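In our numbering, the protein residues as written are -5 to 102.
Built from N, CA and C at the ideal position, the CB exists for glycine as well.
Every value quoted in this text rests on a predicted model; they were computed, and no experiment measured them.
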């Protein structure tokens, strides 16, 4: 089964609303932990390493395309820096945080 990258959700707006609701009231750390658990649950559901690797590659390519390009005068910019913007706060810059090395209970 190849990775499906074309729109495929039955109700994408409903899913997005549910995803936002699941994050409501979580701290940034809890939100990251929730995302890590969700990724592991969905990866377990997919169960195919070839599909998961294709998804990792596709997500990495999309992230790289969204990253600002460093100019020759911008020595402070590095690929490890991520700019995030939310509607509640102005844009901030922070270092990328690695995913936890432990899996949620019940997952391999």
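The beta-carbon separation of residue 40 and residue 46, rounded to 6 angstroms, stays under the 8 angstroms limit for a contact. Rounded to the nearest whole angstrom, the C-alpha separation of residue 57 and residue 15 is 24 angstroms. If you draw a straight line from the Cα of residue 21 to the Cα of residue 13, it is about 15 angstroms long. Put simply, the backbone Cα of residue 4 is about 21 angstroms away from that of residue 17. Counting only runs of at least 4 residues, the segment 5 to 56 fully encloses the following alpha helix (DSSP H) elements, listed from N- to C-terminal order: 6 to 17, 22 to 40.
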